[in-house]
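If you use the working numbering, the sequence shown corresponds to residues 707 to 853, in order.
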Amino acid sequence: MTSILVLNGPNLNLLGQRQPEVYGRTTLQDVEDMCVASGKDAGLDVICMQSNHEGVMIDAIHAAKGTHGGIVLNAGAYTHTSIALRDAIASVELPVVEVHLSNIHAREAFRHHSHIAPVALGQIAGFGPQGYDLAIQVLAKHLEPKT
Ligand code: DQA
707 MTSILVLNGP
717 NLNLLGQRQP
727 EVYGRTTLQD
737 VEDMCVASGK
747 DAGLDVICMQ
757 SNHEGVMIDA
767 IHAAKGTHGG
777 IVLNAGAYTH
787 TSIALRDAIA
797 SVELPVVEVH
807 LSNIHAREAF
817 RHHSHIAPVA
827 LGQIAGFGPQ
837 GYDLAIQVLA
847 KHLEPKT
C-alpha cells in the first residue's frame, strides 16, 4: 500500500491547549488518529510526525523521498519564514498538500504569505482538523495509478 507522511511543525504538539479559540480543542493525537483512519478509507498508509525544529522537518522531507508517495504538511509558523523548507520540498519533487487549521488569509498580514504554497500541489486553510482529511483525499486521488 502506498504510504504518505503527515508532518506537523512547531507548536502543533500543543493542539487542544494552545489558543483554543483559534485552533480548537482537538489534540494532535486526535488529528493523527483521524489521519490514519482517513488514510485507511482512501487506501493509504499514514505515518505521522511532529517536530518543533526546522532541520528535523527538512530531514523528514528528504527521507520521505523513496519512502512515501506524498506529504501532508502543516509547517506552522515556518510556513511564513522558511525558504529552507520550501527548498526541501522543491528538491524531493513529492506532491505536498499544505494544510492550516486556521484561515491564515483572514488573520494577521504576516500569515498571509506562504513560502510553501508555490511548491505545493495546493493549500487547504480554515477548515480545522477536517483540512487534514481533505488533504489526504486529494493526495489519494493524485497518487491513483493513471490508466
Ligand atoms: C497554522 C497557522 C500558522 O500561521 C501558525 O503559525 C501555526 C498554525 C494553522 O494550522 O492554522 O502554528 O499553521
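Even glycine gets a Cβ: it sits at the ideal position worked out from N, Cα and C. These numbers were taken from a predicted model, which means no experiment stands behind them.
Residue i, buried or exposed, once every other Cβ within 10 Å from all chains shown has been counted against 16
i	result
residue 707	exposed
residue 815	exposed
residue 785	buried
residue 753	buried
residue 768	exposed
residue 747	exposed
residue 724	exposed
residue 751	exposed
residue 794	buried
residue 783	exposed
Contact belief for residue i with residue j at Cβ below 8 Å, rounded distance in angstroms
i	j	result
residue 734	residue 717	With 8 Å as the limit, residue 734 and residue 717 do not qualify as a contact, their Cβ atoms being about 10 Å apart.
residue 842	residue 745	6 Å
For residue i, the nearest candidate out of the options (CA to CA)
i	options	result
residue 710	725, 781 and 755	755
residue 821	804, 724 and 747	804
residue 772	811, 799 and 736	799
residue 796	831, 852, 835 and 770	770
residue 830	728, 794 and 806	806
residue 832	723, 721 and 728	728
residue 863	722, 775 and 757	The structure shown does not extend to residue 863, since the chain spans only 707 to 853, so no value can be given for it.
Within 7 Å, strictly: CB atoms of residue i and residue j
i	j	result
residue 781	residue 715	yes
residue 848	residue 801	yes
residue 825	residue 778	no
residue 730	residue 837	no
residue 818	residue 811	yes
Item to check | the segment 724-742 contacting the segment 758-765, beta-carbon criterion three pairs below 8 Å | outcome: No: fewer than three Cβ pairs fall under 8 Å.
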